[in-house]
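Presented below is the structure to which this report refers.
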Amino acid sequence: RKEVEQDPGPFNVPEGATVAFNCTYSNSASQSFFWYRQDCRKEPKLLMSVYSSGNEDGRFTAQLNRASQYISLLIRDSKLSDSATYLCVVNWSGGSYIPTFGRGTSLIVHP
Amino acid sequence: DGGITQSPKYLFRKEGQNVTLSCEQNLNHDAMYWYRQDPGQGLRLIYYSQIVNDFQKGDIAEGYSVSREKKESFPLTVTSAQKNPTAFYLCASSTQTDNYEQYFGPGTRLTVT
Chain A
45 RKEVEQDPGP FNVPEGATVA FNCTYSNSAS QSFFWYRQDC RKEPKLLMSV
95 YSSGNEDGRF TAQLNRASQY ISLLIRDSKL SDSATYLCVV NWSGGSYIPT
145 FGRGTSLIVH P
Chain B
4 DGGITQSPKY LFRKEGQNVT LSCEQNLNHD AMYWYRQDPG QGLRLIYYSQ
54 IVNDFQKGDI AEGYSVSREK KESFPLTVTS AQKNPTAFYL CASSTQTDNY
104 EQYFGPGTRL TVT
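Written out as structure tokens, the structure reads:
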């Protein structure tokens, strides 16, 4: 079975802290990777795609390590509003691109 | 505005009744998906469709049925055969080119008593 694993947390950090999440995947044929944010009782929303060269969007940085089969998300200068569950998503091609979601990592940012 | 809509937001049914959840998108996406999420759990794929008039079972299709008669619509029926239907149901769509990123509707919270 193709698996996507995340540490469920919760990660409990103070405002202003830097926090990093990792996500490992089992299928080396994986083609595309994403981080989603899900607030309590809401739908997941796309946070950012993850590219081989790494990419940054403001305080958020995503990295992909194909050799070790993991992706990471770094959040700098955490805000209270960053409190949410962060879902890792991996797509692979076997004739079609079917996404597999990790179970999510819970982040709580406190004052 | 382009997006995905799901209705209703909350749904209550008695055990033994079939119920159909609506999902509509105007993003011109070819692929559509249904997921189920239970409290504290990740998303589990029920069914997906990559083209009109075709759909495939996901990981937990038993007790569910779908149709894809139009590109914009992918309704999900929760049948009485589904043993634990109470859950948060999420519909998503994506392109079948480029990065395949998914966009989600707001979800339907189904409670069966």
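So the protein lines, in turn, are chains A and B.
Take 45 as the starting number for the first sequence in the numbering used here and just add one per residue.
Take 4 as the starting number for the second sequence in the numbering used here and just add one per residue.
Glycine residues also receive a C-beta, built at the ideal position from the N, C-alpha and C atoms.
Could you compute how far the alpha carbon of residue i sits from the alpha carbon of residue j?
| i | j | result |
| --- | --- | --- |
| Gln50 (chain A) | Val63 (chain A) | 14 Å |
| Lys86 (chain A) | Ser72 (chain A) | 31 Å |
| Gln99 (chain B) | Thr82 (chain B) | 29 Å |
| Val153 (chain A) | Gly146 (chain A) | 21 Å |
| Ala64 (chain B) | Gln105 (chain B) | 20 Å |
| Thr23 (chain B) | Tyr67 (chain B) | 10 Å |
| Cys84 (chain A) | Gly43 (chain B) | 10 Å |
| Trp136 (chain A) | Val55 (chain B) | 22 Å |
| Thr144 (chain A) | Phe78 (chain A) | 10 Å |
| Thr149 (chain A) | Pro54 (chain A) | 7 Å |
| Glu75 (chain B) | Ser96 (chain B) | 10 Å |
| Ser112 (chain A) | Ile7 (chain B) | 35 Å |
| Tyr50 (chain B) | Phe77 (chain B) | 10 Å |
| Asn56 (chain A) | Asp57 (chain B) | 44 Å |
| Ile115 (chain A) | Lys17 (chain B) | 43 Å |
| Arg120 (chain A) | Tyr103 (chain B) | 27 Å |
| Gln82 (chain A) | Leu90 (chain A) | 9 Å |
| Leu79 (chain B) | Tyr69 (chain A) | 29 Å |
| Gly108 (chain B) | His32 (chain B) | 13 Å |
Name the chain B residues that come within less than 7 Å of residue i, Cβ to Cβ?
| i | result |
| --- | --- |
| Arg147 (chain A) | Gln44, Gly45 |
| Asn135 (chain A) | Tyr103 |
Sorry if obvious, but does the Cβ on residue i come closer than 7 Å to a heavy atom of the ligand ATP?
| i | result |
| --- | --- |
| Asn109 (chain A) | Here there are no bound small molecules, and the ligand ATP is not part of this structure. |
Closest Cβ-Cβ distance between residue i and chain A: below 8 Å?
| i | result |
| --- | --- |
| Pro109 (chain B) | yes |
| Leu93 (chain B) | yes |
| Tyr51 (chain B) | yes |
Whole-angstrom Cβ separation of residue i and residue j, contact assumed at under 8 Å?
| i | j | result |
| --- | --- | --- |
| Arg110 (chain A) | Ser93 (chain A) | About 15 Å separates the two Cβ atoms, so there is no contact after all. |
| Tyr80 (chain A) | Val134 (chain A) | That pair is no contact at about 12 Å. |
| Arg71 (chain B) | Ser52 (chain B) | 4 Å |
| Glu59 (chain A) | Leu131 (chain A) | About 23 Å; that fails the 8 Å criterion. |
Residue i: buried (16+ other C-beta within 10 angstroms of its C-beta) or exposed?
| i | result |
| --- | --- |
| Ala84 (chain B) | exposed |
| Gly19 (chain B) | exposed |
| Gly102 (chain A) | exposed |
| Gln59 (chain B) | exposed |
| Asp126 (chain A) | buried |
| Gly110 (chain B) | buried |
| Ser10 (chain B) | exposed |
| Tyr13 (chain B) | exposed |
| Gln75 (chain A) | exposed |
| Thr129 (chain A) | buried |
| Phe15 (chain B) | exposed |
| Pro155 (chain A) | exposed |
Between residue i and chain B, is any beta-carbon pair separated by less than 8 Å?
| i | result |
| --- | --- |
| Asn71 (chain A) | no |
| Pro54 (chain A) | no |
| Leu90 (chain A) | yes |
| Ile142 (chain A) | yes |
Name the chain B residues that come within less than 8 Å of residue i, Cβ to Cβ?
| i | result |
| --- | --- |
| Glu87 (chain A) | Leu93, Phe107, Gly108, Pro109, Gly110 |
Under 9 Å Cβ-Cβ, which residues of chain B neighbour residue i?
| i | result |
| --- | --- |
| Ile115 (chain A) | Near Ile115 (chain A) there are no residues of chain B at all, since even the closest Cβ is about 14 Å away, more than 9 Å. |
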